[in-house]
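Just so it is clear: in the sequence shown, position 368 is 369 by my numbering, and no numbers are missing. For glycine and all other residues, C-beta sits at the position ideal for the given N, C-alpha and C. See below for the structure under consideration.
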Amino acid sequence: MTTDSPAAPQAPAQASATRIAATGPEHCIAQRDDGVYADPTVLGTTLLAAVDNVYRAGNYLVGVDYPVLMKALFGHGPDLPRGPDGIAVVRIAADIRPFDADRRALYRAAKVGRGYAEYYFEPVRLPDPADPEGEGLPTRLDVDEFIADMWGKGIRFGLDLDAIRAAMASNKADRITFARQADPVPGEDAHIVEISDDIHRNDAPLELANGRLDLNSFQNRFPQIQPGVRLLKKQPATPGTMGFEMSGTPLHPKPGSDADLAAYAGTGTKVERMPDGEFLVSSQAGFLMVDAKTSRISIDEKVVSRDGVSAKTTGNLSLAGDYEEFGEVQEKRVIEADSITVHGDVFGSLVSRGGTIVVRANLVSGSAHNARGDIHVRGVASAAVLSAEDGSIVLERAENCVIAGVRVEVAHAVNCEIVGDEVVVKMAEGCALAGRRVTVECTVPRKQSEMLVAVLRAEDRQIHEVIAAVGERVARFEALAAQLRAAMDAMTGKPDVRRYLMLATRVRKGDITLSPEQARQFQKMAQDIGPALKTIADISAKIKVAEAEQQAGTGMLANLEAQRSDAATISGVAIQSVQGETQVRILGYSPADGPPHRWTPRDIRTRLRGPQAGELLFMGAAGDFAWSSDAVPAAA
């Protein structure tokens with residue numbers, strides 16, 4: 002045997018190591034004082050050949066560490082132990098000894114089945130040298146010898162040493178299964194996992210700022226996502242675990258199938274491959290939507306829902322974006338958003354902060370309010386309230402509705418109250434219409450409802466007087482502020498005051514640092530001009546008050562001028578065909594109360610249907626009528 006120093010680091014410093022052979026596979030096995038070690042850098046097939054040569058040479062391993070041997074040969078089982086330096090320690094046995102021929106003869110052949118092996122254990126005897134023809138001397142089988150003998154018979158993997166030791170210790174005749182193959186474990190398929198809680202809706206009742214619960218609204222029905230948020234992660238497929246036949250032949254597992262993360266990527270999302278995995282990431286801010294059929298995740302500036310709006314599905318909605326609903330909006334439900342599009346019937350309320358409200362079906366006993374945009378109803382509006390504070394309202398048919406907007410256009414209106422700067426109606430039955438410019442193709446009374454048309458004219462008789470009074474007040478405060486500023490300039494222009502103010506400014510900014518003596522002089526200077534400083538402070542406060550009054554008056558003047566301009570706008574009415582009793586009157590209003598189309602629904606009904614004191618322009622049951630404020634004298 003030859004000594005090979007490179008193997009020395011694998012054992013304690015005082016242990017010597019000798020290679021089993023200088024060449025051939027056995028060179029990777031070293032026998033030391035404390036056991037037999039394998040080179041951790043040469044495991045697998047090379048070590049397998051080395052161990053096979055040891056057994057074929059008529060030797061066997063004593064004190065086999067079977068789990069370590071299986072891990073070193075086949076990579077199966079628990080991890081190898083490691084030394085203080087972190088390098089694997091592969092101690093496979095305590096010693097190598099010759100396998101006595103008489104002892105080898107004690108071991109019988111095994112019965113091999115499909116994936117298992119059986120052995121018939123029974124009491125054994127060695128030949129008695131003193132009585133060769135006798136029964137022999139009783140003895141016991143040895144586990145290490147058994148491993149070596151089975152190795153030679155082709156069973157190199159999967160021995161159940163606990164069962165073998167128990168059978169040997171019992172010293173009874175018994176057939177046991179002592180070895181089994183390890184079946185391969187198929188790999189896990191790649192799968193997609195959620196890594197963001199924001200994916201899920203929260204249908205718990207909305208908690209208000211005061212701690213109370215709003216049972217009509219959900220906590221987070223439509224989750225909002227910011228850019229760059231990881232939503233999903235693909236857990237890659239695993240190759241599976243290698244199996245082994247009892248001969249040591251590997252059984253390859255079926256690897257897991259892959260999954261396509263891109264199949265989940267919808268609008269506003271993208272797949273990113275990072276060092277720590279493959280992720281589906283949001284590429285823009287918006288509302289997260291999951292397609293129930295395809296599981297595709299999309300992030301859009303607009304929410305698209307097909308479930309309808311009810312107490313069970315969504316509750317009341319308040320969204321910072323656009324909303325599109327393909328179902329119906331049930332009564333008492335509220336949708337608050339920017340642009341709102343509903344394909345089903347609406348029985349609840351639509352509130353837009355600015356955008357467009359579109360109802361493609363019917364608006365029944367509900368309402369639509371738009372702060373800065375238009376309203377369109379493609380179906381029928383019935384017993385509804387529609388208001389566009391700074392936009393137009395376009396309807397196909399309206400029945401028993403209150404409608405108010407900058408411009409209102411209705412194809413067929415029945416028993417409605419309509420107010421707007423401009424009102425255009427093709428067919429009006431029993432309606433009360435009011436506008437600066439009213440155009441009607443045909444008017445007809447309906448049952449108990451009169452057909453009324455009102456031309457809106459602002460009452461400006463007091464505006465001129467108010468403008469003059471406010472202008473005079475603004476001028477007085479402007480003059481007062483100028484006088485106060487002149488007085489302050491005179492006070493601050495005095496040499497001692499000017500010198501103190503300049504020094505105080507530099508001290509406050511930190512431009513200069515005063516010594517203790519200078520600080521005392523500075524304080525004495527302040528005491529000397531104290532009365533002057535108090536006067537300056539009083540004048541400064543009065544200037545601020547005067548300037549505030551001046552600014553408030555200027556704003557009021559601008560508002561009054563707008564009202565005067567509003568009052569000067571030309572008003573007019575045109576009815577192409579009167580086909581029943583119709584009245585046309587002047588309806589005056591105060592511009593200070595705001596535009597008429599912003600009146601409340603109750604005020605609209607009262608002013609349009611209540612007693613009228615305005616000038617009667619027309620009353621008749623047939624013919625046509627047209628009138629314009631610029632075509633007659635103001636006193637007419």
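Own chain residues within Cβ distance below 8 Å of residue i, not counting five before or after
i           : result
residue 186 : 241, 242, 244 and 254
residue 191 : 235, 236, 237, 238, 257, 258, 259 and 260
residue 37  : 30, 31, 62, 92, 93, 94, 95, 96 and 97
residue 144 : 65, 162, 165, 166 and 169
residue 489 : 537, 540, 541 and 544
residue 282 : 229, 230, 231, 232, 270, 271, 272 and 273
Reduced DSSP category for residue i - H, G, I as helix; E, B as strand; rest coil
i           : result
residue 153 : helix
residue 232 : strand
residue 344 : coil
residue 619 : strand
residue 614 : coil
residue 354 : coil
residue 364 : strand
residue 440 : strand
residue 371 : strand
residue 560 : helix
residue 205 : Summary for residue 205: the model assigns pLDDT 48, below 50, so the residue's position carries little reliability; its value from the coordinates is reported in the next sentence. Here residue 205 sits in strand by DSSP.
residue 297 : coil
residue 380 : strand
residue 266 : strand
residue 609 : helix
residue 81  : coil
residue 258 : coil
residue 239 : coil
residue 584 : strand
residue 112 : strand
residue 133 : coil
Start-to-end residues for the beta strand (DSSP E) that takes in residue i
i           : result
residue 281 : 278-283
residue 338 : 335-338
residue 271 : 270-275
residue 386 : 386-400
residue 574 : 573-579
residue 600 : Run containing residue 600: none; DSSP gives neither H nor E here.
residue 627 : 624-629
Same chain only: Cβ atoms within 6 Å of residue i, ignoring 5 sequence neighbours per side
i           : result
residue 425 : 410 and 440
residue 430 : 415, 445 and 447
residue 631 : 571
residue 377 : 359 and 395
residue 543 : 485
residue 624 : 579
residue 575 : 440 and 627
residue 419 : 404, 409 and 434
Range covered by the alpha helix (DSSP H) that runs through residue i
i           : result
residue 324 : Taken as a continuous stretch (DSSP letters only), residue 324 belongs to no alpha helix (DSSP H), being part of the beta strand (DSSP E) at 323-326.
residue 1   : Residue 1 cannot be examined here, being either before or after the span of the chain that is shown, 2 to 637.
residue 290 : Careful: residue 290 lies outside any alpha helix (DSSP H), inside the beta strand (DSSP E) at 287-291.
residue 102 : 102-105
residue 509 : 496-510
residue 49  : 46-57
residue 31  : Residue 31 -> not in any alpha helix (DSSP H); beta strand (DSSP E) instead, spanning 30-33.
residue 69  : 67-75
Strand pairing of residue i, partner residues [DSSP]
i           : result
residue 125 : 140
residue 303 : 323
residue 92  : 38
residue 589 : 458
residue 180 : 118 and 160
residue 420 : 405 and 435
residue 194 : 234
residue 410 : 395 and 425
residue 415 : 400 and 430
residue 98  : 61
residue 489 : According to DSSP, residue 489 bridges with nothing at all.
residue 171 : In the DSSP output, where bridge partners are listed per residue, residue 171 has none listed.
Nonlocal neighbours in the same chain, by C-beta distance under 7 Å from residue i, ignoring five residues either side
i           : result
residue 128 : 103 and 137
residue 291 : 298
residue 474 : 554
residue 407 : 389, 391, 392, 393, 421, 422 and 598
residue 695 : Past the boundaries of the shown model lies residue 695; the chain is included only from 2 to 637, so the question cannot be answered.
residue 100 : 59, 60, 61, 146 and 149
residue 171 : none
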